[in-house]
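Peer 1:
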Amino acid sequence: MVESESPDRVTDVSTESARVVWVFVILAILAATQAFGFLTSPPDRDMGHLQKIMYVHVPAAWNAFLAFVVVLAASVLYLWKRDDRYDLLAASAAEVAAVLTALTIALGSIWGRPTWGVWWTWDPRLTSTAILLIIIVGYLALRGFVDEPERRARWSAAVGILGALNVPIVYMSVRWWRTLHQPQSSPSTVDPAYAWGLRLNAIAFLLVMIYLVRARYRAARLERIPEMAAEREALSGSVKNV
Amino acid sequence: MGVREAVSRVLAVAWKDLLTERRTKAGFNGVVFMSATTLLMFGFALGPDPAAIRAAAVGMLWLTVLLSGALAFNRSYELEAEAGAFDALLMYPGGRWAIFAGKLLANLAFVLLVEAITVPLAAVLYDLPVLAPLPGLITVLLLGTVGFVTLGTYYAAMASRVRAREVLLPLLLFPMLVPLLVAAVGATKAVLVGDPMGHGAGWIKLIAAFDIIFLVGTFMTFEYVVGE
Numbered sequence: 000m001v002e003s004e005s006p007d008r009v010t011d012v013s014t015e016s017a018r019v020v021w022v023f024v025i026l027a028i029l030a031a032t033q034a035f036g037f038l039t040s041p042p043d044r045d046m047g048h049l050q051k052i053m054y055v056h057v058p059a060a061w062n063a064f065l066a067f068v069v070v071l072a073a074s075v076l077y078l079w080k081r082d083d084r085y086d087l088l089a090a091s092a093a094e095v096a097a098v099l100t101a102l103t104i105a106l107g108s109i110w111g112r113p114t115w116g117v118w119w120t121w122d123p124r125l126t127s128t129a130i131l132l133i134i135i136v137g138y139l140a141l142r143g144f145v146d147e148p149e150r151r152a153r154w155s156a157a158v159g160i161l162g163a164l165n166v167p168i169v170y171m172s173v174r175w176w177r178t179l180h181q182p183q184s185s186p187s188t189v190d191p192a193y194a195w196g197l198r199l200n201a202i203a204f205l206l207v208m209i210y211l212v213r214a215r216y217r218a219a220r221l222e223r224i225p226e227m228a229a230e231r232e233a234l235s236g237s238v239k240n241v
Numbered sequence: 000m001g002v003r004e005a006v007s008r009v010l011a012v013a014w015k016d017l018l019t020e021r022r023t024k025a026g027f028n029g030v031v032f033m034s035a036t037t038l039l040m041f042g043f044a045l046g047p048d049p050a051a052i053r054a055a056a057v058g059m060l061w062l063t064v065l066l067s068g069a070l071a072f073n074r075s076y077e078l079e080a081e082a083g084a085f086d087a088l089l090m091y092p093g094g095r096w097a098i099f100a101g102k103l104l105a106n107l108a109f110v111l112l113v114e115a116i117t118v119p120l121a122a123v124l125y126d127l128p129v130l131a132p133l134p135g136l137i138t139v140l141l142l143g144t145v146g147f148v149t150l151g152t153y154y155a156a157m158a159s160r161v162r163a164r165e166v167l168l169p170l171l172l173f174p175m176l177v178p179l180l181v182a183a184v185g186a187t188k189a190v191l192v193g194d195p196m197g198h199g200a201g202w203i204k205l206i207a208a209f210d211i212i213f214l215v216g217t218f219m220t221f222e223y224v225v226g227e
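As you go down the protein sequences, you meet chains A and B in turn. Just so we're aligned: the first sequence equals residues 0 to 241 in numbering that gives the first Met the number 0. Just so we're aligned: the second sequence equals residues 0 to 227 in numbering that gives the first Met the number 0.
#1: Could you name the residues of the same chain whose beta carbon sits closer than 6 Å to that of Ala163 of chain A, not counting the 5 residues immediately before and after it, in chain order?
#2: Could you tell me the alpha carbon to alpha carbon distance between Leu89 of chain B and Gly197 of chain B, rounded to whole angstroms?
#3: Can you name the residues of chain A whose CB is closer than 9 Å to the CB of Tyr223 of chain B?
#4: Applying the 10 Å Cβ sphere with the 16-neighbour rule, what's the burial state of Lys204 of chain B?
#5: Quick one: residues in its chain with C-beta nearer than 6 Å to the C-beta of Leu214 of chain B, no 5 flanking neighbours on either side, listed in chain order?
#6: If you pair each beta-carbon of the region 8 to 28 of chain B with each one of the region 97 to 115 of chain B, do three or more pairs fall below 8 Å?
#7: So is Gly58 of chain B in contact with chain A if we call contact Cβ pairs under 7 Å?
#8: Answer with yes or no whether the minimum CB distance from Gly143 of chain A to chain B is below 7 Å.
#9: For the structure I just gave you, are there three or more beta carbon pairs, one from the region 194 to 207 of chain A and one from the region 55 to 68 of chain A, closer than 8 Å?
#10: Is the beta carbon of Gly216 of chain B closer than 7 Å to that of Leu161 of chain A?
#11: Which word fits Leu60 of chain B, buried or exposed, when buried means at least 16 other C-beta atoms lie within 10 angstroms of its C-beta?
#12: Going straight from the alpha carbon of Asp126 of chain B to that of Thr103 of chain A, what length do you get?
#13: Helix, strand or coil: which one does DSSP assign to Asp146 of chain A?
#14: Starting from Leu17 of chain B, follow the alpha helix (DSSP H) in both directions and report where the run begins and ends.
#15: To which residues of the same chain is Gly143 of chain B closer than 7 Å at the C-beta, ignoring the five residues directly before and after it?
#16: From what residue to what residue does the alpha helix (DSSP H) around Thr217 of chain B run?
#17: Any idea if Trp79 of chain A is buried or exposed, counting beta-carbon neighbours within 10 angstroms, 16 or more meaning buried?
#18: So which residues on chain A does Ile212 of chain B lean against when the C-beta distance must stay under 8 Å?
#19: With 7 Å as the threshold, decide whether the Cβ of Ala140 of chain A is near any Cβ in chain B.
#20: Just grab the DSSP bridge partners of Gly47 of chain A for me.
#21: Roughly how many angstroms separate the alpha carbons of Pro174 of chain B and Leu136 of chain B, rounded to a whole number?
#22: If we count the other Cβ atoms within 10 Å of its Cβ and call it buried at 16 or more, is Ala233 of chain A buried or exposed?
#23: Is any non-hydrogen atom of the ligand MG found closer than 6 Å to the C-beta of Val145 of chain A, if you look at the structure I gave you?
#24: Quick one: grab the DSSP three-state call for Thr149 of chain B.
#25: Between Arg142 of chain A and the rest of its own chain, which residues show a CB-CB distance below 7 Å, the 5 nearest in sequence each way excluded?
#26: Could you tell me the alpha carbon to alpha carbon distance between Asp190 of chain A and Val95 of chain A, rounded to whole angstroms?
#27: Please say whether Gly137 of chain A and Leu170 of chain B have beta carbons closer to each other than 7 Å?
#28: Establish whether the CB of Ile104 of chain A and some CB of chain B are separated by less than 7 Å.
#29: Measuring straight from C-alpha to C-alpha, what distance separates Gly46 of chain B and Ile52 of chain B?
#30: In angstroms with no decimal places, state the Cα-to-Cα distance between Asp146 of chain A and Arg223 of chain A.
#31: With 16 as the cutoff for other CB atoms within 10 Å, does Trp61 of chain A come out buried or exposed?
#32: In chain order, which alpha helix (DSSP H) runs of at least 4 residues are fully inside the region 83 to 140 of chain A?
#33: Once DSSP output is grouped into helix, strand and coil, what is the label at Ala273 of chain B?
#34: Please report the distance separating the alpha-carbon of Thr187 of chain B from that of Ile212 of chain B.
#35: Can you check whether the CB of Phe72 of chain B is closer than 7 Å to the CB of Glu79 of chain B?
#36: Between the Cα of Tyr76 of chain B and those of B:Val123, B:Leu130, B:Gly226, B:Tyr154, spot the shortest distance and give me the residue it belongs to.
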């Protein structure tokens with residue numbers, strides 16, 4: 000039950016303008032860091048300007064992973080504290096994780112076609128990312144299929160935790176299975192000319208990720224208000240719902 | 000609660016499920032027929048070249064087990080779907096984990112029996128040499144099936160109680176089974192075809208780790224799945 004925070008704060012119109020400001024600030028930061036990455040990086044010896052996809056692909060991958068950690072932590076906290084807000088946070092982070100994971104795969108595929116000559120290859124990192132995407136889609140599908148909020152929260156927390164447990168196992172199994180992907184790009188593996196562009200874009204993506212999770216969380220809170228009202232009405236024995 | 004009562008609760012649930020199944024046989028016959036059909040369909044999809052079929056045989060066998068076995072799990076809860084029977088089951092004294100363990104055992108027996116028919120059939124259809132390496136093959140099948148049935152029984156506890164259960168169970172279950180599938184196929188190939196690179200033991204360890212991690216994970220969280 001959400002009792003600790005009144006619905007008024009969530010529906011407050013005065014914070015609307017603050018949100019619009021935040022959207023512009025974050026987009027401006029993202030545009031600036033992208034421009035910085037593009038302008039400061041020389042063309043790669045092998046890949047040429049194709050390398051610049053790294054400034055989106057790698058930050059998206061990192062932040063997708065971070066969003067998964069939020070899903071896991073919020074799921075554990077929900078089962079422990081039984082506070083609705085953790086459930087809604089897990090759901091919001093899962094949605095953002097799905098988008099960022101899909102973006103990572105799509106961009107990797109676009110990069111892989113000219114570099115490796117194929118859109119897709121059965122490489123460990125690619126394959127585990129794809130499985131991660133299906134696991135998170137399954138999690139979101141489960142949420143869509145269960146109407147009762149308390150049961151949905153319990154079930155999706157359990158599914159979220161088991162899914163997270165599986166991530167390292169999936170990775171190990173496909174790593175033993177095949178290997179082709181180049182070592183991950185990180186500031187320590189790329190040439191210094193690219194490192195700052197990568198770092199700054201990762202931070203910009205982190206801001207985008209936080210903004211999206213917050214926006215989805217707020218929407219989820221708003222969706223819960225009529226659900227809770229219906230629940231209260233049903234419990235109070237009103238005949239309207241019968 | 001003493002160990003003996005706990006064991007007798009688990010066995011009572013398992014016995015009830017298996018007895019219901021034995022009296023109707025509807026589930027078992029359906030699943031066996033489904034697995035035989037799938038084995039044949041894979042053969043037709045790969046064409047008549049025996050070499051191509053033999054090369055893919057182990058993967059096709061495991062996929063057949065997973066695809067047809069998955070049909071068993073929702074069924075094991077649908078037995079109690081009517082007239083609030085599942086709620087009555089939950090009201091019995093003792094931990095809810097005993098219900099999960101009982102259903103797990105019943106499903107394990109069910110899927111192993113299906114495999115007892117599917118594997119010899121696959122050996123005939125795909126020309127697999129199963130007799131000489133039989134102890135190794137049984138070990139791999141047993142370990143792989145434990146992990147498969149653990150997650151299947153667990154996710155079906157949720158999927159069987161929502162609309163669109165036929166869609167939800169595979170959507171939740173199959174992505175989780177990917178490491179098990181990869182390891183089981185690797186281990187089975189090592190046992191049947193030979194293991195020049197010495198990968199077999201590593202794959203078997205991976206299956207065992209998968210089994211242990213998810214046995215612990217499901218037993219720890221099952222209470223949240225069925226509790227109110």
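All C-beta atoms, glycine included, are put in the ideal place defined by N, C-alpha and C. Computed from a predicted structure; not experimentally measured.
Peer 2: Taking the definition as stated:
#1: Leu71
#2: 47 Å
#3: Leu78, Arg153, Trp154, Ala156, Ala157
#4: exposed
#5: Thr149
#6: yes
#7: no
#8: no
#9: yes
#10: yes
#11: buried
#12: 42 Å
#13: coil
#14: 2 to 23
#15: Leu179, Ala183, Ile206
#16: 199 to 225
#17: exposed
#18: Leu164, Ile168
#19: yes
#20: A:Asp43
#21: 24 Å
#22: exposed
#23: What this structure holds is no ligand at all, so the ligand MG is not there to describe.
#24: helix
#25: Ala90, Arg151, Ser155
#26: 30 Å
#27: yes
#28: no
#29: 8 Å
#30: 11 Å
#31: buried
#32: 83 to 115
#33: In the structure as shown, chain B starts at 0 and stops at 227, and residue 273 of chain B therefore has no counterpart that could be examined.
#34: 21 Å
#35: no
#36: B:Tyr154
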